[in-house]
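Here's the structure we're looking at; comments come further down.
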Amino acid sequence: VERETCWHHYYLRSSLTYDDFFGEHILSQGHVYQYLMGFQGAARDPLQHALPFVFSAPRIVKEVLRYTLKEVQPDGRIPYGITGHGMVMPGPFAPSDLELWLLWLASEYVLATRDRAFLDEKVATYPVYGPRAPRERAGALLARCFQHLVKATGTGEHGLLRLSNGDWNDGAVIGHVPKEHRQAVRARAESVLNAAMAIYVFEHYARLLDYVGQPEAAAEARAWAEKQRAAVRAQWAGRWFRRAWLTPELGWLGDDILWLEPQPWALIGGAATPEQARTLVEAIDELVRRPSPIGAMLLSRCLEQMEVEDGVLTNAGIWPSINGTLVWALAGVDGALAWDEWQKNSLARHAESYPDVWYGVWSGPDSYNSVLSKFPGQTQFQEELATGVPSGRQAEVTIRGLAWTDWPVMNLHPHAWQLYSAAKLLGIEFTPEGVALAPALPCEGYRFTSPLLGLIREGSRYEGWYAPTAGGTWRITLRLPERERAHLAHLEVNGTPQPIEPAADGAIAFAGPGGPEQPLRWTIM
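With the working numbering applied, the sequence shown corresponds to residues 756 to 1280, in that order.
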């Protein structure tokens, strides 16, 4: 584990590049997108790649945030990608989720580091240079993006955030829905994935707004989170949540097939009841986790109407970006399954499972072929070149003649998500008051250490620290299983004994001063 996480941190840090148009360092998706197609996108990718650096290199997080804020359009929209020298990439994709990722990372960054001043920094907005590029406060740009989500993107007739012509999944509409239906889909479709993700993101954004003293804006964000929770809860299909609603003619996706993308967010955001959560985890484990040696598959079975081959990319391939959220979600329900899923997504597991595949050992693509593919463990390529049998499928999301195997490494998803999901195995959540911890690792001993925060377990003894960039008095909330709480008898905060006073829900809370020079340190045993 230490070898894996150290390598991922090195590789992620080494992939930092400088964009001299925006004047910021970024963590591009790389891979075929940057190095063959020649664009930096999608906009969500640098944002998710920066998440682990909240713990170790906040300067990098700020640069990625500023880079993205500089892309924000007057209406609060974020373009899909950038090509050339700062040019908005022309293309068919108009995904509806991009602003969610910006709100998430910004909220995580400020709540973790306590860098309130970031929200008052002035950022030159697109086109960045000249008189048509006004400078705006970072906090105001975040508010603009939130308003774009709730008003311009908006909700459909089922109360779910709308889909446009894609969300995280570029192939949900283009490459899947017949062309004659796409205009209607773009106008009316709704995304259960967007709605489920928005539950958590809007609540996290509300926590940020509470922290900086904007209670009215926080209440609005929290109300929107609750609306999305209710809308997602209504899409329970018996064993999982539906994926999307397209049009009255096309109906729902996900009634008879488990689409993995929205399921983790439904668990994280509390859309599932406790009984539904248990049923959903059992379905995920049975249908998409257990059959796969290297992480959960995106679909429980392949779709004939998908443009790509079975078991490839969005047709039931394996995606570290989605499985990172799955690890996080499972940690709240079944720590052993979460730990198993984390290990399945490791480079070490791919190397052991597919020793004849040279990539997936030191780096990899954004998606591996699943066991439903003729070529499991590899990544997308034109299979008829190997089989001699034309597939009859017409590429639209992918580019005919371009294969993921042409550059099957240097995608940052498998590096970033193994790091960030490791933090979620410990249930780390930043709050306006401090930090909440709910470790789920089924191990008697472990160490999670970073400049920002640490948590160490040695049997029944736990210790930790919190060192944000701004000093203050912070509240630590520790949630442990009842069998572990029963053995606790001694608590020290900054070297001073304190009484252990569990709350009604069993959580143990304590507080103390801490900052960059003198962290808040605690021990309980």
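The beta-carbon is built from N, C-alpha and C at its ideal position, and this holds for glycine as well.
The beta-carbon distance between G841 and F777, rounded to whole angstroms, is 6 Å. This is short enough to meet the 8 Å contact definition.
Ranking V1248, Q1018, E826 by CA distance to the CA of D1040 puts Q1018 first. Look at the beta carbons and you see the region 925-944 not touching the region 976-989: under three pairs across the two are nearer than 8 Å.
Exposed is the label assigned to W1117, since fewer than 16 other Cβ atoms lie within 10 Å of its Cβ. By the Cβ rule, the region 933-944 does not count as touching the region 1011-1029, because fewer than three pairs are nearer than 8 Å.
Rounded to the nearest whole angstrom, the C-alpha separation of V1043 and L1246 is 42 Å. Take L806, set aside five residues on each side of it, and the residues of its chain with a beta-carbon closer than 7 Å to its own are L860, E863, A1171, Y1175, in chain order. A residue is called buried once 16 or more other Cβ atoms fall within 10 Å of its Cβ, and R890, having fewer, is exposed. Around the beta carbon of S1122, 16 or more other beta carbons sit within 10 angstroms, so the residue counts as buried. Look at S946 here: in three-state DSSP terms it is strand. In the DSSP assignment, T1251 falls outside any alpha helix (DSSP H) and within the unbroken beta strand (DSSP E) covering 1251-1253.
DSSP, read as helix, strand or coil, puts Q1135 in coil. As far as DSSP is concerned, L963 takes part in no beta bridge.
If you draw a straight line from the Cα of A999 to the Cα of P933, it is about 16 Å long. DSSP places V1190 in the uninterrupted beta strand (DSSP E) bounded by 1189-1192.
The beta carbons of E1064 and E1138 sit about 5 Å from each other, so the pair counts as a contact at 8 Å. Assignment of Q795 by DSSP, reduced to helix, strand and coil, places it in the strand class. In the three-state reduction of the DSSP assignment, T1034 falls in the helix class, which pools H, G and I. For H1168, the closest C-alpha among the options A986, I1211, G1119 is that of G1119.
Counting along the chain, Y1221 sits inside the beta strand (DSSP E) bounded by residues 1216-1221. With a cut-off of 8 Å on Cβ pairs, the region 1125-1142 is not in contact with the region 1078-1089, counting fewer than three such pairs. In the displayed model, S1128 falls within coil according to three-state DSSP, outside both helix and strand. Residue environment analysis places Y835 among the buried positions, since at least 16 neighbouring C-beta atoms fall within 10 angstroms of its C-beta. Cα atoms of G1214 and E759: separation of roughly 24 Å, rounded to the nearest angstrom. If you draw a straight line from the Cα of A1262 to the Cα of A1191, it comes to about 9 Å. Excluding five sequence positions before and after D875, the CB atoms of its chain that fall closer than 8 Å to its own CB belong to R892, A893, G894, given in chain order.
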